[in-house]
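Numbering (UniProt numbering), first residue to last: 1 to 101. C-beta: ideal position from N, C-alpha, C; glycine also. Beneath this line is the structure, given in structure tokens, with notes to follow.
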């Protein structure tokens, strides 16, 4: 499998799981009343081929908790949410009622 095919497969997998970590993060933050959850998204075009690279940083209040980079904005947000969830769980502990499939 070429690197291009691997990247396309990774993007497809990100699309399948789209919103999964974002939803878990939203629930985690909401249950604990941690503050406003927001994403700061940056689009960058990389030569050659004018490929888009999205970088997303998720913040709770004004504090950044995670960052992700992907070929789509949604993919970058998903990766940022995953990183933020890991950081929050390390600081505050897991959700008592989590059921991740």
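Beta-carbon gap between residue i and residue j smaller than 9 Å
i          : j          : result
residue 85 : residue 61 : no
residue 81 : residue 21 : yes
Integer-rounded CB distance, given that residue j should sit under 8 Å from residue i
i          : j          : result
residue 44 : residue 53 : 5 Å
residue 56 : residue 77 : 5 Å
residue 73 : residue 41 : 5 Å
Among the options, nearest to residue i - alpha-carbon criterion
i          : options           : result
residue 49 : 24, 92, 71 and 39 : 71
Counted within 10 angstroms of its Cβ, other Cβ atoms place residue i as buried (16 or more) or exposed
i          : result
residue 36 : exposed
residue 30 : exposed
residue 75 : buried
residue 93 : exposed
Output the residue ranges of the alpha helix (DSSP H) runs that lie fully inside the UniProt domain "DRBM" (20 to 90) and measure 4 residues or longer, sorted by chain position. Entirely contained in the UniProt domain "DRBM" (20 to 90), the alpha helix (DSSP H) runs reaching 4 residues are, in chain order, 20 to 32.
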